[in-house]
Amino acid sequence: DKGNHRHFMLKEIYEQPIVVAQTLKSYVRRLDEQVSLPTPDFDLGSIRRVTIVACGTSYYAGMVAKYWFEQFARVPVDLDVASEFRYRAPVMEEGGLMIVISQSGETADTLAALRHARAEGQKIAAVVNVPTSTMAREADLLLPTHAGPEIGVASTKAFTCQLAVLAALAANLARAKGRLNPREEKEVVRHLAEAPAAINGALAYDEAIEAMAHLIAPARDVLYLGRGTDYPLALEGALKLKEISYIHAEGYAAGEMKHGPIALIDENVPVIVIAPSGPLFDKTVSNMQEVQARGGKVVLISDYDGIQAAGDGCMATITMPKVHPLIAPIVYAIPVQLLAYHVAVLKGTDVDQPRNLAKSVTVE
Ligand code: M6R
244 DKGNHRHFML KEIYEQPIVV AQTLKSYVRR LDEQVSLPTP DFDLGSIRRV TIVACGTSYY
304 AGMVAKYWFE QFARVPVDLD VASEFRYRAP VMEEGGLMIV ISQSGETADT LAALRHARAE
364 GQKIAAVVNV PTSTMAREAD LLLPTHAGPE IGVASTKAFT CQLAVLAALA ANLARAKGRL
424 NPREEKEVVR HLAEAPAAIN GALAYDEAIE AMAHLIAPAR DVLYLGRGTD YPLALEGALK
484 LKEISYIHAE GYAAGEMKHG PIALIDENVP VIVIAPSGPL FDKTVSNMQE VQARGGKVVL
544 ISDYDGIQAA GDGCMATITM PKVHPLIAPI VYAIPVQLLA YHVAVLKGTD VDQPRNLAKS
604 VTVE
């Protein structure tokens with residue numbers, strides 16, 4: 244049932260404040276402000292290396308998580324798309340944890356990677372949305388997302404719930420490794436607890452984004468740029484746009500532009516820049532200005548301060564609530580999803596059932 248929404252995708256985008264809150268409830272305790280995961284039958288503190296494997300949007304959630312595991316827990320992280328993972332003879336030593344991330348829990352490549360890692364003696368954690376799925380059954384540590392059934396082929400609410408779980412897992416691992424003191428843990432919990440309201444704040448810009456979609460719909464190619472945890476979001480934005488609007492889109496690390504893709508820039512290639520204000524803002528903005536200096540038309544997604552500082556000269560801006568960098572990827576997912584959605588609606592595509600795609604990819 245789509246409720247009063249035109250598509251499942253839009254309904255699912257709008258469910259995010261609730262389902263992220265629901266998911267967080269199982270992973271953080273508000274009372275004593277601690278992260279609380281189901282207890283694994285192995286010692287998290289003894290994990291020496293993490294391997295994250297997934298496909299598509301779930302892979303981009305894993306890419307955000309890599310930054311968090313390294314930053315908070317100081318654990319080395321290997322990250323790969325599931326379809327490539329086994330074929331490069333990955334080195335998996337004792338004390339390794341594999342994390343698979345999957346909405347369906349049935350994606351064939353991801354499942355094959357799980358089994359390969361298990362055979363190599365890895366512990367397996369699974370972040371899945373379908374608790375009865377094969378991956379859920381085969382994991383040593385099941386970390387469910389509580390997004391509820393996701394019907395739209397384009398993944399939206401599963402992604403933000405995956406990020407919520409992975410942030411809690413990163414904090415838990417950091418604590419187990421003695422890298423997060425109680426005060427820092429409380430701060431992490433407080434930031435995470437702000438996510439649902441911040442997502443609501445982001446949804447308030449839906450109409451503005453809908454109006455802006457007219458600027459993107461005529462394009463043949465679109466670029467997305469981001470740095471740090473906003474880089475996976477740039478990739479996710481491009482994937483969302485490609486899969487439902489059929490516009491060719493690419494995500495790039497902002498600093499990588501000048502190594503090639505900047506040659507594509509002209510007034511016909513809109514560039515979406517994801518840049519919340521924070522430690523990486525100035526660097527990303529200077530990459531954005533390189534684009535503008537070559538006649539590129541930029542849409543800047545930032546908060547009020549960021550737009551005050553760098554919004555002049557942009558074709559359009561999208562103002563997000565000001566949030567802590569930890570939850571920025573969760574909050575900035577919303578404009579990226581809404582933009583793809585509205586562009587697809589303008590183009591008249593089948594938003595919930597895009598051509599050539601299946602919700603669950605059960606062939607390798
Ligand atoms: O069920 P999974 O999370 O394992 O699915 C992975 C990808 O097939 C999926 O995220 C796909 O990329 C989506 N259509 C993206 O919106």
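The opening position of the sequence shown corresponds to residue 244 in UniProt numbering, with each subsequent residue numbered one higher. Quick reminder that beta carbons are idealized off the backbone N, C-alpha and C, glycines included. Since the structure is predicted, the reported quantities are computational estimates derived from the model, not experimental observations.
Query, Result
"Please tell me whether, using a cut-off of 8 Å, the distance from the CB of T350 to the nearest non-hydrogen atom of the ligand M6R is below it.", "yes"
"With a cut-off of 8 Å, do at least 3 Cβ pairs link the segment 443 to 451 to the segment 508 to 518?", "no"
"Considering only the beta carbon of each residue, do A368 and D383 sit closer than 9 Å?", "yes"
"For N443, collect the residues of the same chain with a Cβ closer than 6 Å to its Cβ; drop the 5 residues on either side in sequence, then sort them by chain order.", "P260"
"Please identify the residue among L322, P564, A497, S545 whose C-alpha is closest to the C-alpha of Q532.", "A497"
"Assign Y303 to one of two classes, buried (16 or more other C-beta atoms within 10 Å of its C-beta) or exposed (fewer than that).", "buried"
"On a Cα-Cα basis, can you pick out the residue from V373, A379, N372 that is closest to R358?", "A379"
"CB-CB under 7 Å to Q535, same chain, minus the five flanking residues each way: which ones, in chain order?", "V541, G556"
"DSSP puts V262 in a beta bridge; with which residues?", "DSSP output for V262 lists no bridge partner at all."
"Taking just the CA atoms, how far does V396 sit from L600?", "7 Å"
"Per DSSP, what kind of secondary structure is H502 in: helix, strand or coil?", "helix"
"By the DSSP assignment, the alpha helix (DSSP H) with H585 in it spans what residues?", "571 to 590"
"From S398 to E479, what distance separates their C-alpha atoms?", "10 Å"
"Pick out whichever of V579, H491, S603, G549 has its Cα sitting closest to the Cα of V566.", "G549"
"Is the beta carbon of L406 closer than 9 Å to that of A297?", "no"
"Using the three-state DSSP reduction, which class does L274 fall into: helix, strand or coil?", "coil"
"Would you kindly check if the distance between the Cβ of A413 and the Cβ of S301 is under 9 Å?", "no"
"Just to confirm my understanding: we take H250, look at its own chain, exclude 5 residues before and 5 after, and list those with CB closer than 6 Å. What are they?", "V594, D595"
"Is V586 near the ligand M6R, judged by its Cβ being under 8 Å from some heavy atom?", "no"
"Short of 7 Å in beta carbon distance, which residues of its chain neighbour R422, apart from the five on each side in sequence? Order them along the chain.", "F315, A316, R317"
"Measure the Cβ-Cβ separation of M335 and A360 and say whether it is below 9 Å.", "yes"
"May I ask whether a heavy atom of the ligand M6R can be found less than 8 Å away from the beta carbon of G556?", "no"
"Please report the straight-line C-alpha distance between R418 and Y489, rounded to a whole angstrom.", "43 Å"
"Helix, strand or coil for E493, going by three-state DSSP, please let me know.", "strand"
"Could you tell me how far apart the beta carbons of C404 and V574 are, in whole angstroms, since I believe they sit closer than 8 Å?", "Not really, about 14 Å apart at Cβ, beyond 8 Å."
"Give the secondary structure of I394 by DSSP, where H, G and I count as helix, E and B as strand, and everything else as coil.", "coil"
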